[in-house]
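Take the sequence shown: its position 275, counting from 1, is numbered 290 in the working numbering, and each next residue is one higher.
As structure tokens, the structure follows; a few thoughts come after it.
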Amino acid sequence: MQNPTDTASQVSNHLSPQKPVEPVQKEVHAEPAQKEVHVEPVQNDAHVEPAQKEVHVESVQKAVPDVPKEQLQKNDPQQSSESNKQKEDTSEKIIQKDQHNLVSSETLNQPTTEKEENKSALKFSILGCGNIGDAIARGIDRSNIAPKKYITVTRRDKNSLESYREEGFNVTTNNVEAVMKSKVVFVCVQPKQLNDLLAEIKEVSKDKIIISVVSGASIKEIQAALGDFSLDVIRAMPNTAIAYRESMTCIAGSTKSSPGLQLTEQIFQSLGSTLIVEESQIVPATALCACGIAFFARAIRAASQGGIEIGFHSEQAIKLAAQTARGAATLLLQTGNHPEREVDKVTTPMGCTIAGLNQMEHNGFSSAFIKGIVTSAEKAAILYKKNN
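Have a look at this one:
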């Protein structure tokens with residue numbers, strides 16, 4: 016839309032350049048206009064008279080869109096231009112909905128730089144920022160899902176939050192305040208602390224996506240404690256490798272079409288690998304994936320101790336064992352081969368590999384590993400029930 020200054024300028028150009036423009040008392044007739052055109056004396060800026068003096072030039076009207084009446088009432092071209100821009104930028108206060116209803120018109124109408132920064136505007140709270148909560152917070156930041164200023168972490172000990180504050184995270188000891196600031200709420204407390212926490216945030220949990228990493232607490236139990244069985248509650252079981260975007264996370268929702276489940280998958284997929292499972296499989300996932308970090312770390316430690324015994328320094332032995340474990344995992348993940356296929360590739364008749372493997376099996380290596388995982392799963396299943 017052209018502003019009044021441009022319109023007045025075109026009117027002046029349309030008039031004969033040979034004749035000076037007379038003061039307002041004299042009438043200037045431009046062909047083929049049939050009505051009078053009144054133009055103020057030409058100074059530094061051309062001003063269109065108030066709305067009661069209308070411009071009627073047919074040739075101009077064909078080239079220029081109609082100027083709204085309210086714009087013609089502006090005497091200052093700069094003010095008129097600002098008014099036009101303001102009108103174009105202003106929209107009704109309607110929530111602009113993506114699939115999770117997270118972006119408001121206020122966000123969209125912010126200046127461009129801030130709009131870009133707030134494009135997704137997903138805000139997170141992590142209630143109980145212990146080891147797994149800390150790993151989730153750092154993973155979200157490192158994966159650029161959200162900057163630190165959109166991540167609020169809570170702990171009961173105020174002093175333990177100071178390092179997070181210095182890094183740029185939002186911190187508070189008030190769980191209610193944290194939930195009110197966020198859309199996605201991670202519940203990362205110990206099973207024995209869960210009921211008290213849910214009672215605390217009950218009144219502010221409406222329309223939130225609740226992601227629980229608490230062992231043993233079912234979706235229905237969490238919904239019941241929050242007093243709303245329609246709440247979008249997701250169970251997730253990541254591991255501490257999430258801090259470096261290498262977690263294996265199993266997730267489950269009340270239904271597989273839940274918007275919260277889809278969002279949770281997107282979040283954790285950026286933090287490693289994700290598998291949607293039935294809720295009944297979350298406890299076994301706790302043992303295999305979450306506890307599994309400790310099991311594999313212990314296996315690497317055992318390998319490094321063997322390395323020390325055969326001549327490597329401790330630091331060297333740990334590096335060699337850890338990188339070899341990573342290599343073995345990469346082979347399986349990249350090829351999709353069964354582990355024994357890779358074992359077969361490095362075992363030869365009467366060779367050193369098969370001799371070592373057999374010695375480990377004679378001493379119960381595989382059996383001990385299996386029993387450890389099964390025992391952990393049994394324990395995980397009763398942790399929440401035990402405390403209620």
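For glycine and all other residues, C-beta sits at the position ideal for the given N, C-alpha and C.
Give me the Cβ distance between residue i and residue j, rounded to the nearest whole Å; I'm assuming they're in contact under 8 Å.
| i | j | result |
| --- | --- | --- |
| residue 262 | residue 287 | 4 Å |
| residue 265 | residue 292 | 5 Å |
| residue 319 | residue 333 | 4 Å |
State the beta-bridge partners of residue i as determined by DSSP.
| i | result |
| --- | --- |
| residue 319 | According to DSSP, residue 319 bridges with nothing at all. |
| residue 267 | 250 |
| residue 289 | 264 |
| residue 142 | 169 and 202 |
| residue 186 | 168 |
| residue 158 | DSSP, once it has assigned bridges, lists no residue as partnering residue 158. |
| residue 224 | 199 and 247 |
Using the C-alpha atoms, what's the distance from residue j back to residue i?
| i | j | result |
| --- | --- | --- |
| residue 210 | residue 247 | 18 Å |
| residue 106 | residue 217 | Residue placement at residue 106 is flagged as unreliable, the pLDDT there being 34, under the threshold of 50; the coordinate-derived value follows with that caveat. Straight-line Cα distance between these residues: approximately 34 Å. |
| residue 352 | residue 361 | 14 Å |
| residue 258 | residue 289 | 15 Å |
| residue 322 | residue 168 | 41 Å |
| residue 178 | residue 326 | 40 Å |
| residue 368 | residue 388 | 25 Å |
| residue 347 | residue 171 | 42 Å |
| residue 384 | residue 310 | 8 Å |
| residue 214 | residue 143 | 15 Å |
| residue 66 | residue 138 | Note that residue 66 scores 45 on pLDDT, short of 50, meaning its location in the model is unreliable and no value can be drawn from it. |
| residue 185 | residue 163 | 7 Å |
| residue 244 | residue 376 | 49 Å |
| residue 192 | residue 349 | 44 Å |
| residue 355 | residue 379 | 17 Å |
| residue 382 | residue 242 | 44 Å |
| residue 4 | residue 198 | Only positions 16 to 403 of the chain appear in this structure, which leaves residue 4 out of reach. |
| residue 190 | residue 272 | 29 Å |
| residue 236 | residue 274 | 20 Å |
| residue 371 | residue 154 | 38 Å |
| residue 276 | residue 344 | 28 Å |
| residue 374 | residue 329 | 23 Å |
| residue 335 | residue 366 | 21 Å |
For residue i, I'd like the list of residues in its chain whose CB is within less than 7 Å of its CB, leaving aside the five on either flank, ordered along the chain.
| i | result |
| --- | --- |
| residue 234 | 248, 250, 269 and 294 |
| residue 195 | 219 |
| residue 252 | 228, 264, 265, 297, 300, 301, 304 and 305 |
| residue 279 | 226, 249, 251 and 266 |
| residue 386 | none |
| residue 238 | 244, 246 and 248 |
| residue 173 | 188 |
CB-CB under 6 Å to residue i, same chain, minus the five flanking residues each way: which ones, in chain order?
| i | result |
| --- | --- |
| residue 200 | 140, 194, 223 and 225 |
| residue 152 | 141, 166 and 168 |
| residue 150 | 255, 257 and 258 |
| residue 359 | none |
| residue 399 | 206, 231 and 232 |
| residue 364 | none |
| residue 156 | 163 |
| residue 390 | none |
| residue 176 | 170 and 186 |
| residue 283 | 264 and 289 |
Give me, in chain order, the residues of the same chain whose beta-carbon lies closer than 8 Å to that of residue i; leave out the 5 immediate sequence neighbours on both sides.
| i | result |
| --- | --- |
| residue 203 | 141, 142, 143, 144, 145, 147, 148, 151, 228 and 229 |
| residue 158 | 260, 285 and 286 |
| residue 240 | 209, 210, 213, 214 and 217 |
| residue 161 | 135, 137, 138, 139 and 155 |
| residue 281 | none |
| residue 331 | 322 |
Give a single yes or no on whether residue i has its beta carbon closer than 7 Å to a heavy atom of the ligand SAM.
| i | result |
| --- | --- |
| residue 153 | Ligands in the displayed structure: none, and consequently the ligand SAM is not present. |
> Any chance the stretch 338-350 sits against the stretch 310-322, with 3 or more Cβ pairs inside 8 Å?
Replying inline: Here the stretch 338-350 lies against the stretch 310-322, with 3 or more beta-carbon pairs under 8 Å apart.
>> With a threshold of 8 Å, are at least 3 pairs of Cβ atoms found where one atom belongs to the stretch 298-311 and the other to the stretch 388-403?
In response: yes
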